[in-house]
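According to this note's numbering, numbering within the sequence shown proceeds without interruption in unit steps and concludes at 302.
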Amino acid sequence: MSDQPWGYRMQIKTVGVVGCGLMGSGIAQVCAAAGYKTIVREVDETFLRKGLGRIKKFLEDGVAKGKVTPEARDATLVRLTGTTTTDALKDCDLVIEAIVENLDEKRRTYAALDPLVKDHTIFLSNTSSLCITELASTTKRPDRFGGLHFFNPVPLMKLVEVIRALTTSDDTYQTVFTFAQSLGKEPITAPDRPGFIVNRLLVPYLLDAIRAYENGLGTLEDIDKGMTLGCGYPMGPFTLLDFVGLDTTYYIANIMFDEFREPAYAPPPLLKRMVLAGQLGRKSGQGFYKY
Ligand code: CAA
Ligand code: NAD
12 MSDQPWGYRM QIKTVGVVGC GLMGSGIAQV CAAAGYKTIV REVDETFLRK
62 GLGRIKKFLE DGVAKGKVTP EARDATLVRL TGTTTTDALK DCDLVIEAIV
112 ENLDEKRRTY AALDPLVKDH TIFLSNTSSL CITELASTTK RPDRFGGLHF
162 FNPVPLMKLV EVIRALTTSD DTYQTVFTFA QSLGKEPITA PDRPGFIVNR
212 LLVPYLLDAI RAYENGLGTL EDIDKGMTLG CGYPMGPFTL LDFVGLDTTY
262 YIANIMFDEF REPAYAPPPL LKRMVLAGQL GRKSGQGFYK Y
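Following this line, the structure appears as structure tokens:
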């Protein structure tokens, strides 16, 4: 943690993360690595073990690549605690929710946390597409609520989007922006509109790639190769879709389509069918490619 002008370190010492999936595990890792006592909650021991295992593997790989020192790995793990109870988050100064992209599930999470945590505690959502103002309005702390949107893989991607709800106070916004910087991230301020800045542009591109593939544009491999070698993108659209998760992409597309009512956001039939078939991408071992 670096020194900050308005002494927010006095306020934020303990960070809670709800969800230890693809994103929650990365978020918990970077919070603990930045010096915060971090408590991450999952629904059960199996999911928790899997999420914490992902963090340990990432740190081990980092050591093997010479990117993380053994001391930093150990210090990160010491600051990190896993739990399956909501109660364990009661002393957190800031809670980042990174559970499934579903309004009702997220609402239930905040409703359970709201009466438990301290008055000053800030709630943040890592949602990709849901309305931050709507989430904030379901809590007793709409002024201490915001969006903090990380990118996958969290430990490697520099960007975070900071999103103000209509109700977010200036203090909360400044604290969150500085908190993001303290994690070693580059924050940008994004509007509370579905997809914020990055997904507003990325999601139609990914959905269009699926539609184009369904319409016979080319093989998965050729389309991916086209975008990596032709445009310098680090991953082609199908590799990226598998990486993000087809379930998450499908939920995001539905939420964005629901709000914008524009065909560009409508989930393509193939995406829906793959999700129904459990072909969720890397996380399930099969998506557009096999893993
Ligand atoms: N610990 C520490 N550092 C590590 C590491 C580890 N475990 N693993 C890799 N690194 C480092 C590497 O050493 C390397 O560092 P240098 O650049 O200094 O050499 C760097 O991270 C890149 O790693 P690799 O060379 O192993 O891998 P790569 O070059 O293939 O890059 C990637 C991997 C960063 C994931 C790249 O493929 C990429 O950027 N992909 C696109 C990801 C993307 O678009 N994400 C956004 C998804 S959308 C989203 O998140 C929003 C949403 O709401 C859906
Ligand atoms: P994921 O499916 O990998 O993980 C979600 C995790 O949340 C699961 O492990 C699940 O068990 C857990 N969970 C569900 N309800 C819970 C609860 N009440 N308490 C604790 N844990 C709970 O999904 P993900 O990809 O990590 O996405 C999580 C959030 O992050 C979503 O809002 C998504 O839109 C957003 N997001 C995803 C990406 C991405 O690339 N996948 C990028 C940025 C933001």
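C-beta: ideal position from N, C-alpha, C; glycine also.
C-beta atoms of residue i and residue j nearer than 8 Å
| i | j | result |
| --- | --- | --- |
| VAL165 | ALA201 | no |
| THR189 | THR144 | no |
| PRO248 | ALA275 | no |
| ILE66 | LEU33 | no |
| VAL255 | ASN163 | yes |
| GLY30 | ILE50 | no |
| PRO205 | SER148 | no |
| GLY298 | ASP269 | no |
| LYS151 | LEU127 | no |
Coarse secondary structure for residue i, derived from DSSP in three states
| i | result |
| --- | --- |
| GLU56 | helix |
| ILE133 | strand |
| THR260 | helix |
| VAL173 | strand |
| VAL255 | helix |
| GLN192 | helix |
| THR94 | strand |
| LEU218 | helix |
| GLY27 | strand |
Extent of the continuous alpha helix (DSSP H) run through residue i
| i | result |
| --- | --- |
| LEU240 | 231-242 |
| GLU145 | 143-148 |
| THR120 | 114-124 |
| ASP85 | 81-89 |
Terminal residues of the beta strand (DSSP E) in which residue i lies
| i | result |
| --- | --- |
| ILE199 | 197-201 |
| LEU159 | 156-161 |
| GLU108 | 105-108 |
| VAL128 | Neither: VAL128 is in no beta strand (DSSP E) and is coded neither H nor E. |
Are at least three pairs of beta-carbons, each pair with one atom in the stretch 117-131 and one in the stretch 64-76, less than 8 Å apart?
no
At least 3 beta-carbon pairs within less than 8 Å: the stretch 126-133 vs the stretch 56-66
no
How about the stretch 206-213 and the stretch 183-194: do they share at least three Cβ pairs that are nearer than 8 Å?
no
For the structure I just gave you, are there three or more beta carbon pairs, one from the stretch 226-238 and one from the stretch 80-88, closer than 8 Å?
no
For the pair the stretch 98-117 and the stretch 34-44, tell me if three or more CB-CB distances fall below 8 Å.
yes
Are the stretch 254-271 and the stretch 282-300 touching, with three or more C-beta to C-beta distances below 8 Å?
yes
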